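Right, one structure below, let's go through it.
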Amino acid sequence: MWEKLKSICGDRRVQGAVGVLAIVLFWFSAVRLPRPPEPGLVAIYQGGKVTAEELRRYLHEYLPRCPRHLRCPLHGEEHDACTGDEECETFITCGDEHLQAHTLSVYRQAAASLVADRLIGDLVAKKKLAEKKKARHWMKHVTEEINISDLHRDWHKGKIRVEESEIKEYYERNRGKFGARTLSEVSEDIRTLLTDEKEKAFVQNYLKELRENSGVSINYALIEYPEPDEEQLRTTFFEQRDEFRRPARVEILLVEIPIGGASDSEKLAREARILLLGGASLSQVQSALAGKGAGEAAAEQKWISESEALWGDMGLGRRVPGEVTDVIDAENKALIARVEVREEPRLQPFEEIRDDLARRAMEKLRERHLKDNRNATLFTIHGEPYSLGDFMEEFEELTPWEQARYDTPKGRKELVEAMVERALIVEDASDDLRAQRNRKQIDRIRLAVLKQVLHEEDVDDKIAVTDDELREFFQKNAHYYRQPARVKISYIRVAAARSGDDEKRAKQKAEKALAELEALSAEQLAGDGFAQVAKRYSDDPEVAETGGRLAEWISESDDVLTEFFYHDFHTNVMPLERGEISPVFQMRDRFYIVFVREREEARGRSFDEVKKLVRQDLTELKHYELTAKMEADLAGKAAAKIYDYTLLDMLKEEARGQG
-2 MWEKLKSICG
8 DRRVQGAVGV
18 LAIVLFWFSA
28 VRLPRPPEPG
38 LVAIYQGGKV
48 TAEELRRYLH
58 EYLPRCPRHL
68 RCPLHGEEHD
78 ACTGDEECET
88 FITCGDEHLQ
98 AHTLSVYRQA
108 AASLVADRLI
118 GDLVAKKKLA
128 EKKKARHWMK
138 HVTEEINISD
148 LHRDWHKGKI
158 RVEESEIKEY
168 YERNRGKFGA
178 RTLSEVSEDI
188 RTLLTDEKEK
198 AFVQNYLKEL
208 RENSGVSINY
218 ALIEYPEPDE
228 EQLRTTFFEQ
238 RDEFRRPARV
248 EILLVEIPIG
258 GASDSEKLAR
268 EARILLLGGA
278 SLSQVQSALA
288 GKGAGEAAAE
298 QKWISESEAL
308 WGDMGLGRRV
318 PGEVTDVIDA
328 ENKALIARVE
338 VREEPRLQPF
348 EEIRDDLARR
358 AMEKLRERHL
368 KDNRNATLFT
378 IHGEPYSLGD
388 FMEEFEELTP
398 WEQARYDTPK
408 GRKELVEAMV
418 ERALIVEDAS
428 DDLRAQRNRK
438 QIDRIRLAVL
448 KQVLHEEDVD
458 DKIAVTDDEL
468 REFFQKNAHY
478 YRQPARVKIS
488 YIRVAAARSG
498 DDEKRAKQKA
508 EKALAELEAL
518 SAEQLAGDGF
528 AQVAKRYSDD
538 PEVAETGGRL
548 AEWISESDDV
558 LTEFFYHDFH
568 TNVMPLERGE
578 ISPVFQMRDR
588 FYIVFVRERE
598 EARGRSFDEV
608 KKLVRQDLTE
618 LKHYELTAKM
628 EADLAGKAAA
638 KIYDYTLLDM
648 LKEEARGQG
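Each residue of the sequence shown is one higher than the one before, counting from -2 in my numbering.
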């Protein structure tokens, strides 16, 4: 909500001035503004109204809090448990952030959002969406999460406490760590450290006790998915070998120059062709285009196969390496290309596609296993069964990077253990007193869940995307759909403990492994040389067992969350060429060494390659557009009206409170 409100605020200094100016102008303009039917009324709509007090509570939930609010004497950092009349929640002067939050535009947007929530809530009730299976499932999870958080707070109030004497004792025992810093300077750091230690010990004992009293029984065999053997893979390869014939393809250095505009495209195309004939590199061509002020012109290296339109348009089937095409016109662009590498049609050998074959076969075996065993009991708690289908629902709700993490035999076992622990905690956290205490927060999130269900029914069903729209969207945004450079790797992973000495030993172990690898020839590394070293040095049994070999392609991700977690890994790996070994590098609590088995450079992708992704993006864009329209239509039908007179009065009171 705050980000939504913040987006309309603009520059902080400007908004600060607007906030102050609004108060000054109030005295001159209030008399001319329409007055509400009754005092303190912010908005009216068909069937309801919003008062100033209701808007204050709404703003209290969403506007940013000042530094003074970082820690509440009663609730710590859990501000959802605070009420608006508590001292820690009273707004105080806190500079530009406060001025930016308390402006007429922000208050007006908040009032409009509150009215929209009320109208959507009425529509949700009318449609009985709370009875839908999906809504019940989501709300079950939401309620569980809130109650678990409340249980967690109870632990800290009564069972996980750090006394001042413990802080002092730790400080005296570890004086060497703190240097010249006094006890008062490091007291909060020590409190956090001791709280973490106590919480870990408490949670371990707590879960152990819950398990002992619950009669947990787990059938791990259900999550040991079947895998194809070598004979099955080779049989599949022989029976489907026509699918593995790789078409002819060429790697080209392609120059694209828009036709029309300020520059002389025909002249620029001739000059670019001369550069290509002269053997200019990609960077030289790009520099030359930039020097001509050809801002829309572009040069790139890419692979083109005989199944793509450009193959026939440029006559690439008859070109040899070093040959330059004529200038051709295509979709308002002049195109010229030089053939860099040519590959003739060939049947890919079994060894080259074995990993992909294994992946496909495993997916089919898994689908059959899950279908046949969906209702089979995976674990029981107090005699209540949880099926393999329940497990798969949990798995499918994970983010892509979490699914990748748990999609191994070891990972699935960890996920089952987490589900068991969660079920035990939920059972312990579920009581009427806690539910009542969290009712306000649950109701707020309940509305958000039901809004999502409403959007899917009233918005998403109306979304229609044609192939022509998809192609147009792709052409406008083709640069977003480029295939980034990607690699297939093998790796060694050495765990590093928290203490400095253990970390030093782990790094020395990794460096010793690197020295052995660097002594191997390129042929040995391409064979089983790396795998043998990985088996001796990798701490992770699964990594050691496979020789560190990863079957999947690795590349930088467009997903922000995924890239946040793996950015350091990509930084160290993606610059490597095929056959190269990385230096030892650290990521969080592990040291890595990576060997690149295969590499493909970045390239543009055709519409057919990314059609599914384009459809997802365009559908999401239409979803947001239709959602905004739906909310606007609801407000229009309800004759919603917001009174700036009352909003300005609220701002005046806020300014007086800051004086």
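Glycine included, C-beta positions come from ideal geometry on N, C-alpha and C. Please read all numbers here as calculations on a predicted model, not as lab measurements.
Query                                                                                                                         : Result
Contacting residues, own chain, Cβ-Cβ under 7 angstroms from A637 (five flanking each side not counted)                       : A40, Y42 and V112
Alpha-carbon spacing of A177 relative to R600, whole angstroms                                                                : 56 angstroms
Proximity below 8 angstroms, CB of V570 to CB of I486                                                                         : yes
Same chain only: Cβ atoms within 6 angstroms of F527, ignoring 5 sequence neighbours per side                                 : S487 and F592
Close beta carbons around L615, own chain, < 7 angstroms, minus the five adjacent residues each side                          : V462, E466, L467 and F470
I489 beta carbon less than 8 angstroms from that of I551                                                                      : no
Assumed close pair E606, R575 - CB separation to whole angstroms, cut-off 8 angstroms                                         : That pair is no contact at about 23 angstroms.
Bridge partner(s) assigned by DSSP for Q480                                                                                   : R600
E595 - partner residues in DSSP beta bridges                                                                                  : K485
Residue from A401, R158 and R585 whose Cα sits closest to the Cα of A548                                                      : A401
P659 - DSSP class collapsed to helix/strand/coil                                                                              : What the structure shows of the chain is the stretch from -2 to 656, and residue 659 is not part of that stretch, so it cannot be assessed.
Extent of the continuous alpha helix (DSSP H) run through G309                                                                : A306 to D310
Opening and closing residue of the alpha helix (DSSP H) in which A269 lies                                                    : S262 to L274
Option nearest E227 by Cα separation, candidates D114, A198, T322 and E348                                                    : E348
Among R546, D536 and A523, the one whose alpha carbon lies nearest that of E577                                               : A523
Every unbroken alpha helix (DSSP H) inside the stretch 155 to 200 [4 residues or more]                                        : 161 to 170 and 172 to 175
Per DSSP, the bridge partner or partners of A113                                                                              : DSSP, once it has assigned bridges, lists no residue as partnering A113.
Beta-carbon spacing of V581, A507 below 8 angstroms                                                                           : yes
At least three beta-carbon pairs within less than 8 angstroms, the stretch 639 to 647 to the stretch 106 to 124               : yes
CB of I256 within 8 angstroms of CB of S262, strictly                                                                         : yes
Bounding residues of the alpha helix (DSSP H) (the contiguous stretch that carries M359)                                      : F347 to N370
S552 in three-state terms, based on DSSP                                                                                      : strand
Local Cβ density within 10 Å of E650, reported as buried at 16 or more and exposed below that                                 : exposed
For N329 and K532, the rounded distance between their alpha carbons                                                           : 56 angstroms
Three-way DSSP call (helix, strand, coil) for G212 in this model                                                              : coil
Span of the beta strand (DSSP E), counted from its first residue to its last, around K46                                      : G45 to T48
Through-space distance from T179 to E157, alpha-carbon basis                                                                  : One point to set straight first is that residue 157 is Ile, not Glu, in the sequence displayed. Each residue's alpha carbon lies about 25 angstroms from the other.
6 angstroms CB neighbourhood of A245 in its chain, flanking five on each side removed                                         : E303, E341 and P342
Reduced DSSP category for K501 - H, G, I as helix; E, B as strand; rest coil                                                  : helix
Neighbourhood of L230 by C-beta distance below 7 angstroms, restricted to the same chain and skipping five residues each side : R351, L354, A355 and A358
Reference L375; option with closest CA among K407, V417, R339 and K361                                                        : V417
Simplified DSSP state of P255, which is helix, strand or coil                                                                 : strand
Residue closest to R502, alpha-carbon to alpha-carbon, out of M647, T100, F588 and D464                                       : F588
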